[in-house]
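Student:
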Amino acid sequence: MDERDEDLILGYLNGNHEDLKTLIDRYTPQIYNFVVRFVGPNSAPDVTQDVFIKVWRNLKKFDISKAHFKTWIFTIARNTTTDYLRKKKSIVFSDLDNEEDIFEDTVEDEVSLPDEQLEKLEDKNYLNDLLSKLPMPYQSVLVLYYQEDMTFKEIGEVLGKPLNTVKSQHRRALEKLRTLIES
Amino acid sequence: MKGSSIKDLFKEASYHSEMKLSEDIWRTISKKNERLIKIMSWVYLSSSILSLTGFIFIVRDLIVKLPQTGFYEYMSLLASDGKYIGTYWKEFMLSVTESLPVTNITLSLLLVFVLLFSIRKIILRKYKGSFLIA
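Chain order of the listed sequences is G and W.
Residues 1117 to 1299 in this note's numbering are what the first sequence lists, from first letter to last.
Residues 3 to 136 in this note's numbering are what the second sequence lists, from first letter to last.
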């Protein structure tokens, strides 16, 4: 049976180093899948490694009672990726923050794509190609929501944005995806 | 239904890291931990030895200085004139405090703190295997 993240963290803090290894094995694929979209396949292994080194250095400070480990590690991944891109003078996650903040509660939660468009997305290379054409905040929201099963609230914590901004970015991302498929 | 199918499509499109990536990360962290243990062990061992040496010197100095300050005379008053001290206890406490070599006492307490802190870190590191969680 899989141990909960919190139990593994407590185990590691009590001196069981194998628990940290289990956490690394568990989260490496997810963190890699997140960072590779922004930094590319050549740098992704190094950035992923940096994320885990930061986790290892700061695990003692992580408060199990206040946050979920998954949200915390993805926040570190987001910050590490931003730092990497900043050093390379690329775009950062917050580029669209101001534009998105004007959205209010009226934004719908459930948005999807028509069946014929979904069929086109069955080609995973095509879907990844379309995703790479989206602005970074949109990509982040879609990846965290659909691939990492996070709630909008959790995504907001990872990206440091209000709930309504995340919802509006999700809606806009799908609209943009739809436009890209049509074009 | 539509929601779940878009989720399935996204999950299918996940990028996969090389199998050995998590192994590489674990190896790197283990190496960094070993290096940190070596460095910090030296730091804490050195601070233990230095603080213990400093403490011994300061205590020896304290033993020499204390009779010159009149501290023992004040203490002997406790036995001989206890009831007067009860009446003028504030003045007595002030005089005793003034007679104490405050710098020596503060330094010795500080060094004891450094010594105990270093020993605690070294023991916890032995138990937990890392200074980061010790």
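For each residue, glycine too, the CB sits at the ideal point set by N, CA and C.
Quick caveat: nothing in here was measured; it's all calculated off a predicted structure.
Do residue 1140/G and residue 44/W have their beta-carbon atoms positioned less than 7 angstroms apart in this structure?
Tutor: no
Student: In terms of residues, what are the limits of the alpha helix (DSSP H) holding residue 1289/G?
Tutor: 1279 to 1298
Student: So, under 8 angstroms CB-CB, residue 46/W and residue 1131/G are touching, yes? Tell me the CB distance rounded to an integer number of Å.
Tutor: Actually they do not touch by this definition, with Cβ atoms about 18 angstroms apart.
Student: So what's residue 81/W in DSSP terms, helix, strand or just coil?
Tutor: helix
Student: Please decide whether residue 17/W counts as near chain G, where near means a Cβ-Cβ distance under 7 angstroms.
Tutor: yes
Student: If you measure between the beta carbons of residue 60/W and residue 110/W, is that distance less than 7 angstroms?
Tutor: yes
Student: Return yes when the Cβ of residue 1138/G is within less than 7 angstroms of the Cβ of residue 1124/G, no when it is not.
Tutor: In this structure, the beta-carbon distance from residue 1124/G to residue 1138/G falls below 7 angstroms.
Student: Give the straight-line distance between the Cα atoms of residue 103/W and residue 134/W, rounded to the nearest whole angstrom.
Tutor: 38 angstroms
Student: So, are the CB atoms of residue 1171/G and residue 1160/G less than 7 angstroms apart?
Tutor: no
Student: Give the single residue among 1122/G, 1177/G, 1158/G, 1189/G whose Cα lies nearest to the Cα of residue 1167/G.
Tutor: 1189/G
Student: So, helix, strand or coil for residue 1120/G, using DSSP?
Tutor: Residue 1120/G: coil per DSSP, three-state reduction.
Student: Look at the alpha carbon of residue 1133/G and the alpha carbon of residue 77/W, and state the distance between them as a whole number of angstroms.
Tutor: 55 angstroms
Student: Just the Cα atoms here: how many angstroms apart are residue 74/W and residue 1122/G?
Tutor: Each residue's Cα considered, the two are about 58 angstroms apart.
Student: When you compare the segment 120 to 128 of chain W with the segment 49 to 63 of chain W, are there three or more beta-carbon pairs, one atom per stretch, that lie closer than 8 angstroms?
Tutor: Three or more beta-carbon pairs separated by less than 8 angstroms link the segment 120 to 128 of chain W to the segment 49 to 63 of chain W, which places the two stretches in contact.
Student: Residue 1129/G and residue 1176/G look like a contact to me (Cβ under 8 angstroms); what is the Cβ gap, rounded to whole Å?
Tutor: 7 angstroms
Student: Pick helix, strand or coil for residue 1235/G, following the three-state DSSP scheme.
Tutor: It is helical.
Student: In terms of residues, what are the limits of the alpha helix (DSSP H) holding residue 1184/G?
Tutor: Note, residue 1184/G: premise wrong, no alpha helix (DSSP H); not H, not E.
Student: With a 10 Å radius around its C-beta and 16 neighbouring C-beta atoms as the bar for buried, classify residue 70/W as buried or exposed.
Tutor: exposed
Student: According to DSSP, is residue 1265/G helix, strand or coil?
Tutor: coil
Student: If we count the other Cβ atoms within 10 Å of its Cβ and call it buried at 16 or more, is residue 1174/G buried or exposed?
Tutor: exposed
Student: Quick check on residue 80/W: buried or exposed, where buried means 16 or more other Cβ atoms within 10 Å of its Cβ?
Tutor: exposed
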